[in-house]
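**Q** Residues -21 to -1, 1 to 480 in mature numbering (1 follows the signal peptide of the UniProt record, and there is no 0) are what the sequence shown spells out, letter by letter. Note that the Cβ used here is the ideal one computed from N, Cα and C, for glycine as well. As the structure is a computational prediction, the values presented were derived from the model and not from experiment. This is the structure I have questions about; it appears just below.
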Amino acid sequence: MRPVSMLLFLAFTLLVFNGGAEEEKTEQKVWAREGSPAVLPCYLIPKKLKNSWKQLSDKTSVLWKRHGVSTHQEPHMVLEVEYTGLRKMALPMRPRVSVQDPALRNGNFSLLIDPVRSEDAGWYEAQVAYSNKEVQNCQVELGVVTVTLSPPGFVVENEPLLLSCNSSHRASLVETRWFHNGQLVPTSGTLCSFHGALSILRPSMRDSGPWHCQLRYSDNEIISATHNLQILGFDGPINPIVYAAAGSAADLPCTLSYLPSAFGINGVKAHWSRLAGGHLEAWAFSKNWSSRSFPLHLSVVGSGDAGQYRCAVSVGSKKISRDVTLAVVTVTPSIQGPVSEGSRLLLICGITHPRGHERFQWKRLNSSPTNKLVAATSHNPEGHGFQTGPTLEIPQVSQKDMGAWECSVHGPEGRLGAVEYGLQIMGAQVSSPPTIFSGQVTFGLTLTLFLLLTVCVLALALQKRAQSPAFPALEGIVAVNMPRKKEMEEQQEEQIQQTEC
């Protein structure tokens, strides 16, 4: 039994020795991007507690040292935590290095650096001393990847920028590749990559988002980093078009992609302008840091208001602008004013600033269309609820066609705008249902006519009665007055004859 026991003892001793030697020589490498946090891992357990779950003694201390770019350089202290809890830190890294106190008793001696700087690259070593005088250590190499933006500060639309990517790796750089939203970026007219840098000549809102650089070195080491690019521009399409019906109101948009306060800007000014008839019309707005929308409201628009408007926004020392086109939708009838019944009428729908892909659609708003409607470019059979094409033809206008008609404009993005036209027919009367008031008026007129008729009948009856013999006194009066009347007529004739002589 003695030889067997001796062999087991030797095997156990070799395992322990090899295990301790492996811990002593453990080396790791960690890559971190400049400006982000980095954790240098270090997990150690004393030999006597290696196969147990017991916590470490309170009398455990850790000392982190930095060797610089090589392990052969003289190390200097970064952070020391004594078993009493006393901490010592190097002045240059004092506010940026730390260890987790609760994790120390569980064997976690990792060092946190937040944020990482480019000069932090190099070799780091942790020495852990236990209460039984045992000392263990671990070594970690920190590599730093740097992504810089030029010019510094926030980026605005159409302002050239340069993205640079490099690292602290000492081997020769062989290749640099850039990815945007997960897609490899090819070199084009507006994108140019050279020596690890990417040039964007005219950045737009489409260029916002994550940019990923990948560096490949001569020793086949591949290092990558990601930069989230934020571009201050305008929401919506690049050159928007606003469609408005003639006679209606219009709002021209001017909305920034981010709040200016996100870039540390507290004051923003917006300025609208339009070149109309050789004269520059201008509107000015001033908003505080909490706003990013500067719309221009036009209460009533006509064909003369159509055209291109420019919104210029001053953010700090930089200025960005966007052009907005106002397109006015109109309806031109072939007959101006009220239309005679039976006439042929054409309603032509037009846009002041067409793009060439607009589609027109006509429909009745207050009744269903009749079967007499013919569209200029109709693709729909008769009886459908709408007609397509810019021109609506009504061969013979009738009372059924009177009312409101709508011409709507559509594009690839959907409905763009609409305008209404009220069709009036000459001499047309709008019938309305009888009311209580109209019935009362009719009854009053009937009663009045009845009373007038009664008065006339009574007058005739009195006249006949006056001419009857039942009134002798009246006949005497008439007999007496007749000679007197004759005498007066004779005197008038004598005066006339004397005047003639």
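Would you identify the three-state DSSP class for residue 198, choosing helix, strand or coil?
**A** Coil at residue 198, not helix or strand.
**Q** Which whole-angstrom value describes the C-beta separation of residue 248 and residue 300, a residue pair presumed to lie in contact below a C-beta threshold of 8 Å?
**A** Not a contact, Cβ separation roughly 12 Å.
**Q** Find out if the Cβ-Cβ distance for the pair residue 123, residue 13 is shorter than 7 Å.
**A** For residue 123 and residue 13, yes; Cβs fall inside 7 Å.
**Q** Alpha carbon to alpha carbon, how far is residue 169 from residue 286?
**A** Taking the straight line from one Cα to the other gives about 30 Å.
**Q** Does DSSP put residue 214 in a helix, a strand or coil?
**A** Correct three-state label for residue 214: coil.
**Q** Alpha carbon to alpha carbon, what distance is there between residue 17 and residue 76?
**A** The straight-line gap from Cα to Cα measures roughly 10 Å.
**Q** What would DSSP say about residue 484, mapped onto helix, strand or coil?
**A** Limits of the chain in this structure are -21 at one end and 480 at the other, which puts residue 484 out of reach.
**Q** Taking the runs of the alpha helix (DSSP H) that are 4 residues or longer, which of them lie wholly in the segment 43 to 120?
**A** Runs found: 80 to 83.
**Q** Where residue 161 and residue 297 are concerned, what is the direct C-alpha to C-alpha distance, given to the nearest angstrom?
**A** For residue 161 and residue 297, the distance between alpha carbons rounds to 31 Å.
**Q** Can you give me the Cβ contacts of residue 113 inside the same chain, cut-off strictly under 6 Å, excluding the 5 residues immediately before and after it?
**A** Taken in chain order, the residues that qualify are 25.
**Q** Which class does residue 233 belong to by DSSP, given the choice of helix, strand or coil?
**A** If DSSP states are grouped into helix, strand and coil, residue 233 belongs with coil.
**Q** Return the residue from the list 391, 377, 367 that minimises the CA-CA distance to residue 385.
**A** Minimum Cα distance to residue 385 is reached at 367.
**Q** Tell me whether residue 383 is buried or exposed, calling it buried when 16 or more other Cβ atoms sit within 10 Å of its Cβ.
**A** Residue 383 comes out exposed.
**Q** CA-CA distance, residue 275 and residue 250?
**A** Roughly 10 Å between the two C-alpha positions.
**Q** DSSP on residue 7, reduced to helix/strand/coil?
**A** DSSP places residue 7 in strand when its eight states are reduced to three.
**Q** So, residue 152 versus residue 196, is the Cβ gap smaller than 7 Å?
**A** Taking 7 Å as the Cβ cut-off, residue 152 and residue 196 qualify as a contacting pair.
**Q** With 16 as the cutoff for other CB atoms within 10 Å, does residue 246 come out buried or exposed?
**A** Classification for residue 246: exposed.
**Q** Let me know the secondary structure DSSP gives residue 457 once reduced to three states.
**A** Any reading at residue 457 must be qualified, since the residue scores a pLDDT of 37, below 50, and its modelled position is unreliable; the value itself is stated next. Helix at residue 457.
**Q** Using DSSP bridges, identify the partner residues of residue 509.
**A** This structure leaves residue 509 out entirely; the chain is present only between -21 and 480.
**Q** DSSP has residue 370 in a bridge; who is on the other side?
**A** Residue 370 is bridged to 327.
**Q** Could you pull out every residue in the same chain whose Cβ sits closer than 7 Å to the Cβ of residue 99, ignoring the five residues on either side in sequence?
**A** Answer for residue 99: 92, 121, 123, listed in chain order.
**Q** Please state whether DSSP places residue 242 in a helix, a strand or coil.
**A** Three-state result, residue 242: helix.
**Q** Near residue 231, which residues of its chain fall below 7 Å by C-beta distance, leaving aside the five closest residues on each side in sequence?
**A** 221, 274, 275, 288, 303, 305, listed in sequence order.
**Q** Pick from 210, 204, 103: whose alpha carbon is nearest that of residue 20?
**A** Closest option to residue 20, Cα to Cα, is 103.
**Q** Express the C-alpha separation of residue 95 and residue 62 in angstroms, rounding to a whole number.
**A** Distance between the alpha carbons of residue 62 and residue 95 is about 27 Å.
**Q** Within 10 angstroms of its Cβ, does residue 44 collect 16 or more other Cβ (buried), or is it exposed?
**A** Classification for residue 44: buried.
**Q** List the whole-angstrom C-beta distance separating residue 213 from residue 233, where the pair is believed to meet the contact cut-off of C-beta under 8 Å.
**A** Right, their Cβ atoms sit about 7 Å apart.
**Q** Sort 224, 58, 240 by Cα distance to residue 280 and report the nearest one.
**A** Here the closest residue by C-alpha is 224.
**Q** Roughly how many whole angstroms lie between the Cα atoms of residue 136 and residue 84?
**A** Cα to Cα, residue 136 sits roughly 53 Å from residue 84.
**Q** With a threshold of 6 Å, establish whether the CB of residue 156 neighbours any heavy atom of the ligand ZN.
**A** For the structure depicted, the ligand ZN is absent and the ligand set is empty, with no information on it obtainable.
**Q** For residue 174, tell me which candidate among 321, 163, 144 has the shortest Cα-Cα distance.
**A** Out of 321, 163, 144, 144 has the C-alpha closest to the C-alpha of residue 174.
**Q** Looking only at its own chain, which residues have a Cβ that is under 6 Å from the Cβ of residue 399, when we skip the five neighbours before and after it?
**A** 383, 385.
**Q** Can you say whether residue 429 is buried or exposed, counting buried as having 16 or more other CB atoms within 10 angstroms of its CB?
**A** Label assigned to residue 429: exposed.
**Q** Secondary structure at residue 249, three-state DSSP: helix, strand or coil?
**A** Residue 249: strand per DSSP, three-state reduction.
**Q** Give the DSSP-derived three-state secondary structure of residue 435 in the structure shown.
**A** It is helical.
**Q** Quick one: Cα of residue 379 to Cα of residue 342, how far?
**A** Rounded to the nearest angstrom, the two C-alpha atoms are 14 Å apart.
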